Each structure stands twice: as structure tokens, then as C-alpha cells.
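Everything on this sheet refers to the single structure shown next.
Protein chains: 2
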Amino acid sequence: MPTYSIGLDFGTESVRALLVDVSTGEAVATAVESYAEGVIDERLPGTTSRLPPDWALQNPADWLTGLERTIAAVLAQSRIDPSAVAGIGLDFTSCTVLPAHADGTPLCELPAFSAERHAWPKLWKHHGAQAQADRITAHAAARGERWLPRYGGRISSEWLLPKALEIAEEAPGIFAAADRFIEGADWVVWRLTGSLARNACAAGYKGTWHKREGDPSRDFLAGLRPGFEALYAAKVPHDVVAPGTAVGRLTPAWAERLHLPVGTAVAAPIIDAHAAVLGGGVAAPGTFVMMMGTSTCHLLLADAERPVEGMAGVVEDGIVPGYFAYESGQAAVGDLFAWYAHHAVPPSYHAAAAEQGLSVQALLTAGADGLGPGSSGLLVLDWWQGNRSTLGRSDLSGLIVGATLSTRAEEIFHALVEATAFGTRAIIESYTDQALPVTSIVAGGGLTRNSMLMQIYADVTGRQIAVAGAAQASALGAAMLGAVAAGAGRGGHDTLTEAVARMAPAPTRLYEPIDANTREYDLLYREYTRLYDYFGRGGSEIMKTLRGRRRRVKQA
Amino acid sequence: MPTYSIGLDFGTESVRALLVDVSTGEAVATAVESYAEGVIDERLPGTTSRLPPDWALQNPADWLTGLERTIAAVLAQSRIDPSAVAGIGLDFTSCTVLPAHADGTPLCELPAFSAERHAWPKLWKHHGAQAQADRITAHAAARGERWLPRYGGRISSEWLLPKALEIAEEAPGIFAAADRFIEGADWVVWRLTGSLARNACAAGYKGTWHKREGDPSRDFLAGLRPGFEALYAAKVPHDVVAPGTAVGRLTPAWAERLHLPVGTAVAAPIIDAHAAVLGGGVAAPGTFVMMMGTSTCHLLLADAERPVEGMAGVVEDGIVPGYFAYESGQAAVGDLFAWYAHHAVPPSYHAAAAEQGLSVQALLTAGADGLGPGSSGLLVLDWWQGNRSTLGRSDLSGLIVGATLSTRAEEIFHALVEATAFGTRAIIESYTDQALPVTSIVAGGGLTRNSMLMQIYADVTGRQIAVAGAAQASALGAAMLGAVAAGAGRGGHDTLTEAVARMAPAPTRLYEPIDANTREYDLLYREYTRLYDYFGRGGSEIMKTLRGRRRRVKQA
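Same order as they appear, the protein sequences are chains A and Y.
If you count the first sequence from 1, you need to add 76 to reach the working numbering.
If you count the second sequence from 1, you need to add 76 to reach the working numbering.
Right, dumping it as C-alpha cells:
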């Protein structure tokens, strides 16, 4: 009889369950449930007071309802014997964090706090703590904190420390009442098992934890705000475990509620983007994983921790135990193409696209497809949202050079695609410059459907790119965690390496670099890096100056 | 009884006659006649053979038919006594040049040559002589010819020398048969009067003539091609006269044909753009004249000849006798805005413009009008057609820096307008850097109807801009030449200064710089000049590299 694992993929608007055969990775059933409250960014449930701009909350009850309904759905769809489910794994948005009582009750569920906005889970894209993030970064830089360079020199407002400090400063009563500050993912596992642990992935990337150095010091925290020094010692779980570790087993109550066996293993969770590494078939060093959507997230496993320029984080055991998982990012990729299609493509293209039943981007792609490397005569710096890696500067902006009266829209689009590929190459080189090997690339995400774009990436990087075969790579990765938490003794797997080897599907397509194009792009990339260095590394501060001027004029 | 002058404005597609009262400048009547053959750029009249790309010819018969019909029309319209017409003046496109026999017959009118394309007048925008222009420039640079810097270091393919060399090389029989190479303007005057002279304006700007140094040397010419050394000595008229000089009087035959008095004075002509200086009311140093259309031509009178960076030419007596007339240029201005509106503005703007009955540029202007200096966060180098002045480099290209996901079309448009204003300021500073005074600005041309643009130019330059009052500034300037050729003794004027003072209308509008904006633009201009120097003066050769790569790829 086959053994199954359930992967739960907690997204921004909904949760997906994927029921997977652990011996083949075959997806037997899947179901999605939207959160009743969705993203809470206008009013708190049950109140009429408006939330400030940049706020984004979630309701923890939605997570539990969602997992219950989707598990019921996949069991019903598949008609399997529920006792064949050996494990459950979760991936989750991060840093999505909530304050809770010592018994696990979210403060927002207590009548005393339910009307307090700071009592609710702050979703990853809650940006209310920007001022706190800036101060934390400045304070860490001034003290020369060793952990700051691991995050490209900048603590994001989306992470644990700024979000906790925001509460400490703006709602000290809630800060005092919170026994725990905990990731949503870990909270769900706590609920399901009664056991509390902190997953190394979110702890490392978003919570400033380091396997060998631990958390930021009391001294550092005290300098941010009196009383804040107890954050990690008193309020953040100390038990940090690698994703896939069995945190516990389903409690009898939850087993009954889910119609699953008592004792079903529940794995330590992982961040959603990072789960896609596993689902994409990668569990060993040397393969560079790109999740290409509105932005692109790059992940690389390696044997050592090195000072990679502008990385967004490096976490030992962050994805696969025993390896250092590095993360980098490009802030605007799909977003950049969407901006272009919406704001700078003339009507004739929109009309032709409508006539041919294509999206504007598909039409531009068709028009650009025959163009060779650099044939547009254009070169672009793709910094419409700043540069996340390798420069870590949000004060940069987009640049187009080479326009003439004969420049056409498909040429600009081609150059934008090339620019994002050059940006990726710069990130790859930030790893190889540190002697961290990159031998091949696995890509996932919506942009992999654009074969012109994928070929340009292969040509620009000079590397084979495999398009990940899993339709739901994150959910599949979560299911792999469940399989490992169950272990071979219960029909699962003993290691993630084994789980990935058995459960990941073959790539849907391989893109091989075309040598002649790669040679041309080597020349063009040299020009790109000159622009990159000039505008990004201090040769010219004009981008910063222009952004500052714009902000000043807009405010005046 | 009033005295009249007729200004004839020979354009690319048509000729205009303007009948003017010389005491007031009042336009009494005007008429336009399109050339029957128009621009000959597909097939020679009477043949089936296609012309090469880049070719552009005219038919001299069209010029004579056009002037005859338009003069008849203005006389009929105005019902004036034709004997009150004291003078005729011409302005003309340039360099529009033709080979002719010693008796004035164009070679293209001789049966032996009429099927030979090199026998026809080559219109100013004939670009078949680019290879010759490049060799002439290189040869002059190698020899350190003193005249080369007067033309910004570059001889245009549109000018006399390349066009004559093209004939010498590609049609040596026609070169040998040509007794004269002569500007169309001078040829028309020759026809009307029987007298042959070379107008100083075209001779100086397009014919490499200098009042004190004469023409390029025989040595120089011999180095281009054996036999070519005789060009100036044997084939180009030696009598060079300032515009407005009376070259002669209407021959009896032409007087009869035009129904004008025998003896009507005919003035030495002028280039069309330069005529607009006079029609714009300028006959003295210190006023910078901008003719703002698809490209912008800048003209400045001064008391001395100085090495102004990247000027397109400086000619003593070129417009007003006794003054040095400087010319500079921006290659793409209206063309740049048209490119933008056509190729990079999204459908919603086109739809809104149509709904409001506006052009897209008018809609963009309305949207951009409230934006302050630099509020777009964008900075642009307006080199879509290269940079004519001050850099004199056609291998440069357009650059946009500062784009973000919130950048909108009206902001880009605003930044494009600012960029062209910065380009104008750079040109003004190329004069003031040489201690040539610029105290105010007079503007003409279609772009002066855009008041947002005009205010930006006033703010960026920090100078008052007067919009010239003449609806037909070039034709009015030509009529002024006719009035001066007639002289005060025949009811005209003795000097151009006097003619301009009496005949030019007041400006239609004055734009005063707004101090607060000028201060902001001073800061932004500093950033602009840094980009300008970096990309234009050798800090980065990327624009040249990209253009070269594009050309190479397109040819491959």
C-alpha cells in the first residue's frame, strides 16, 4: 500500500493542500481554500477603525479553517485510506509573525486584545515598521554587528525584529502581554502537535538567528529600547530545528478533526519560496534555483558560509540540514515587464495583441524573439525597484541607454529581459567570486513559460537551465518535509536528499546556452557591469539624488 | 503710396510668396505653390529606374513655376499696383545644389543628361554622399585644416563638398560637364537677373567658404581626388555677397513674365532658417534665436569669431553684414516628442486624447503641466539623433535614468522636454563660455505654441524668451532682403538693421523665468552636465559601442 504525505502551502490569500505519494512524488489530489478575511489591510475584523496605510494582517483562524477544509477535500477527492498518511509538512509566507500567550492562544483571539491592531498576525508584506527597520539597521551598523553583513547590510521592515519593536514601541501593553513572538508557520505546527519549535528557515532568514552565533545580543536589543533586551530570551522559542525535523505528532483532537491517524508526524516548516527548492528537485550544492515571478528569489545550497555580496541571507540548515542555504533577490522582474506593458507600449501593440488573442507581453515576446544579443542597441539597468542583490540599495532606479528615433517597443522589451538576465548573472558571480560553485540552474515560477526569456537567461549566464517539473513546487516541497518527518520506518524517507531524489519530477524543459550568443553577451555584460558599477557603486550618485529630489518635491 | 517687397520662401515641398509693405512689415498677401515633382526620391522624372535609398532631388523648373504662380497670386489677391513692388528677396533650403552650364542651364534640362540622376539638383536632405563626407572630414582632420573646427569638426553629407565629390566620383562625365556647382537659391537669382553671385549665408554654412580665408585649398581638394582641385577655382562662383545685397534687377523677360517693373531689385538670398532671424526681429548681437521644430536651429549674431564648441558653423556677413552669425543645433526636438508619443505612450492616453479632441502631445502636456522641476525623478539625455551641438557626435544616443514602477507617461514627457531645454542651455553656455553675450532669446517654430515647454525653457535658461510675432518669419525675412536690395532711394531700406526695426512685428508672448524654478533647475542642470560629460566626453563610450554593435548585428 502506498504511503502519503500532505504538503500545506500557506500563501498570502489562500492555503493549498497537496496529497502526494511519497514513493513517487505523484500528486494524488490538491485543494485550495481562500482565507475568509484574506489580507486584512482596511479594517480589523469586527471594528470600524481604519488601518494605517502599509498595514497588512491575517487572521490565525483562517489558517486553521483552511488547513482543515483542504485536507478534508484531498482525502475526499483521492478516496485513499487516511491511515496511509504518514506525515504533514507546511510551507508558509514569512515573516508572518504573531504575539501569543504561553498556551498558544493568539492575543488577537482574546477579548481584551481583539480590537488592538498590534495583537494580530502581521503578514510578511506589512510595512508599518519601516522606521524601526531603519533604526535597527543603523544601530547594528554603528555597533559593527557581525550578523548585519549576512543580510546584505540591511534589515527589512518585513522581518521579526522590526515587527516586534513596532509593537514594543506603539503598543507596549501588548508587548508585555505577549509570551511568545512566533512565526505563523511555527504557530500552526504548535497547534497541531502541542509542541513548540522555531523553524531554522524563518528563524535564519527573517529572525536574525544563526546556528553558531545565536540571536542578537541583549546589549544590542537594549540599545534599541529599554525592556526590549528580553525579546529573544523570554519571548522567542529557543528550540530551533531544521525543516523536516519531526516537531511532534498530531494531537488526538486534531487527528479527529482532520480524520487522520493519531500520531501522524508533523514536520518543522519552511518558508514558501524555500520549499520550492526541494519541490524543484534540488537538495545539494551547486544548483542555483531561481523562482521567477513579479520579483525573483535566488537560492543556492553550499558547504560553507562566505561573505557573498548583497545576499539577502545565509542560513545553516535553512533548507537542507548540513548545508548553508543562501538567498539573493531581484526586486522587480515580472513587475518590470508588467510596468512596461502597461505604461509604455503604444496602442498598435495592444490592438495587435487583442486581435491575435495574446497578452501584450506575449506579443512583445513574439516580436522580440528574432532579435539577437544587443541588436536593440539598448542597455538597461533593471533597478525600477532598486537593486536588492548584489548592491542592496533601494535608492537606485531604472536606466535605459541607447535609444534612437528608430527604437521600437519590442526592442525595449528585449533589452528589459536582457537586463534582468544580466542582473541574475551578477548575482551568480557574487557566489562564484566567493568560490561557491554554481554548475547549473533550476528555474520555477510564471516567467518560465516565456521560452524567449529562458533562452536569454541561458545565453547570458552561459549555463544550462532546467525548468522545474512540479506544478506546485512549494506544496510538493512541504510534502517532502512531511515524508521526512515520518521517516522511512513509517513509509517516508530518512533524509531530504532521499525524499527529493524520489519525489521530485523531471524538468519539463532544458535550455542550453547557445555559444555564439553567450560570446556576444559576454561582451555586452562587460558594458553592463561598467554601468552597474558607475551608477551602483558610487561613480555617480545621480539615482539617489533624483529619488531624493522627487520625494522632496512630492512632499512640498 | 506704399512700397512693397516680395519675400519668396523656397521650402522642401513648396514655395511661398509673401507681399509685404516695407514701411510697416504688414503682410498684404501670401500664396503657396507645391512643387509638381515634390521631393524626387523614388524615380527620376521621365524614367523608370529607381533612385538609391537616401536620395532626394528636386526639379529646378518647379522653383520657377512656383515663384511665377505665387507672385501672380499675391498680386491678384492684393490688387496693388505692381509698379509699387521695389524688391524681391529669397530664402531657400540649403545646401540644395545643382550642376549647370556656363549659361545657367541646369544639366538635368539637357537631353544628354536628363536621365542621369547626378545631373539633378540634390536637395538638402539628399544623404547619398555620406561616405564622401566621412572622407572629407577625416582628410581635413588629418591635415589639421583650420576651417574644420568652424563646423564642429565635421562636414555634413548634406553640404556642397560631399555632394560635389559624390558627382566627381560616381559620374565623372557630369562633373566634367558642369561649369558651375551652385546653390538653388543663387541659381534662381541668376535666372531672374542674369547675374551670378554666391550668397554668403549658404557659401559660409554649407560651402566651406570664409570671408577672410576663402575656400578650401587646391592641395586639400587634390588629396580627395585627382581633378577635384579645380572645384572652387573653376566651377563655383567667386563673387560672394551678403544676403540683401542687390545682385541685379529683373530682366525684361522676367519682368514681363511676373508682371513686375523692369529693374525690380533682386537681393542676394539667404538660407531659410537664417531668414527667420530677420523675420523674428533680430539684427544685432546678444539675442539668441531658436527655431524650434522637428529639430532646433540656434543662431546668434556676434561681433567676433571665437572657437565655440561644437558650433555647426560661423559665417561673417552670413545674416547681417558686419556681424558673425553663429549656428548650433539640436538634432531631435519635436522629432523626439513625436517618437515618444507614437512609440511609447500607452493606449489610455491615446483614448483620453481622442475623447478630449487633443493630440497625444497636448494631452501629455496638460498632464505634465503641474509637475515641478525634476519632480518626475527622471533625467534624460536627449540624444535620440546624436548630439549636434556642443558635442558634434552622431554616435551618441538617448538615455533615461530614474525610472521606477510608479513612473508615468506624463512624467517621462516632462523629463524629455526638460532634457531638450538642458541641451539648449548647454549650447547657450558654449557661447557665453567664449564671452559672446547672450542676453535674451527669441523663439520661433511650431513648438512655441506649447506654453508649458516655453516656460520650462525660460526657467532652465534663466532668461526671458520672446516668441517671434511673424507668422511667416522666413518669408518676411526674405522680403526684408528685397527691401534692402531696393534701398531707401526706391522706397525700401538702406540697411537690414533698419528693415528689421521697421518691418518685424512685436513678439506674440514673453516668457519670464520663475526664479524658484530656475534655482531648482540650476541644481538639476548640474546633474545633467555630469551625465553629459560622462557619456558625451569619453567617461563612457557605451553609446558608441551599442550603436556599433547594433549596426553590426543588423548587417549580419
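Quick reminder that beta carbons are idealized off the backbone N, C-alpha and C, glycines included.
Computed from a predicted model, the values in this text were never measured in an experiment.
| Check | Outcome |
| --- | --- |
| For A/Asn135, the three-state DSSP class (helix, strand or coil) | coil |
| Contact residues within the segment 447-470 of chain A, judged by C-beta distance below 8 Å to chain Y | Gly448, Pro449, Gly450, Ser451, Ser452, Gly453, Leu454, Leu455, Trp460 and Gln461 |
| Per-residue DSSP class, three states only, for Y/Ala93 | strand |
| Within 9 Å, strictly: CB atoms of Y/Thr500 and Y/Met366 | yes |
| Per-residue burial, Y/Arg539 [other beta carbons within 10 Å of its own, 16 or more giving buried] | buried |
| Own chain residues within Cβ distance below 7 Å of A/Leu439, not counting five before or after | Tyr425, Ala428, Ala429 and Gln432 |
| Nearest-angstrom Cα separation, counted from Y/Ala592 out to A/Ser452 | 40 Å |
| Interface partners of Y/Arg484 on chain A, CB under 7 Å | His419 |
| Bridge partner(s) assigned by DSSP for A/Leu599 | In the DSSP output, where bridge partners are listed per residue, A/Leu599 has none listed. |
| First through last residue of the beta strand (DSSP E) which encompasses A/Phe400 | Phe400 to Gln406 |
| Closer than 9 Å at the beta carbon, the chain A residues around Y/Ser473 | Gly453, Leu454, Val477, Gly478, Ala479, Thr480 and Thr483 |
| Cut-off 6 Å between Cβ atoms - residues of its own chain near Y/Ala207, not counting five sequence neighbours on either side | none |
| Exposed unless 16 or more other CB atoms sit within 10 angstroms - verdict on Y/His286 | buried |
| Residue-chain proximity (Y/Phe489, chain A), Cβ-Cβ < 9 Å | no |
| Short-range partners of chain Y found in the segment 617-630 of chain A, where Cβ spacing is below 7 Å | Ile618, Met619, Thr621, Leu622, Arg623, Arg625, Arg626, Val629 and Lys630 |
| Whole beta strand (DSSP E) elements within the segment 162-189 of chain Y, 3-residue minimum | 173-176 |
| Cβ shell of A/Val316 (< 8 Å), same chain only, five flanking positions each side left out | Ala273, Arg274, Asn275, Ala276, Ala279, Trp285 and Lys287 |
| Cutoff 6 Å; reference Y/Ala322; Cβ partners in own chain excluding five residues on either side | Ala341 and Ala561 |
| Classification of Y/His202 by the beta-carbon crowding that lies within 10 angstroms, buried from 16 upward | buried |
| Classification of Y/Glu634 by the beta-carbon crowding that lies within 10 angstroms, buried from 16 upward | Residue 634 of chain Y lies beyond the stretch modelled for chain Y, which goes from 77 to 632, so this question has no answer here. |
| Contact check, A/Phe489 vs A/Ala417, beta carbons under 9 Å | yes |
| For A/Ser233 and A/Ala559, believed in contact at Cβ under 8 Å, the rounded distance | Actually they are not in contact, since the Cβ atoms of A/Ala559 and A/Ser233 sit about 35 Å apart, beyond 8 Å. |
| At least 3 beta-carbon pairs within less than 8 Å: the segment 239-254 of chain A vs the segment 263-272 of chain A | no |
| Y/Thr480 and Y/Asp535 closer than 9 Å at C-beta | no |
| Reduced DSSP category for A/Ile488 - H, G, I as helix; E, B as strand; rest coil | helix |
| Chain Y within 9 Å of A/Tyr597, Cβ atoms only | no |
| Proximity test, Cβ basis, 9 Å: Y/Trp415 and chain A | yes |
| Pairwise C-alpha distance: Y/Thr466 and A/Thr584 | 55 Å |
| Cα-Cα separation, A/Glu102 to A/Gly369 | 25 Å |
| Classification of Y/Met530 by the beta-carbon crowding that lies within 10 angstroms, buried from 16 upward | buried |
| Interface residues of chain Y facing A/Glu603 [CB-CB closer than 7 Å] | Ile618 and Thr621 |
| For Y/Met366, the three-state DSSP class (helix, strand or coil) | strand |
| Chain Y within 9 Å of A/His426, Cβ atoms only | yes |
| Interface flag, A/Tyr308 vs chain Y, CB-CB below 9 Å | no |
| Candidates Y/Cys171, Y/Ser99, Y/Gly450 and Y/Leu334: closest to Y/Thr88 by CA position | Y/Cys171 |
| Euclidean distance between Cα positions of Y/Val161 and Y/Pro337 | 8 Å |
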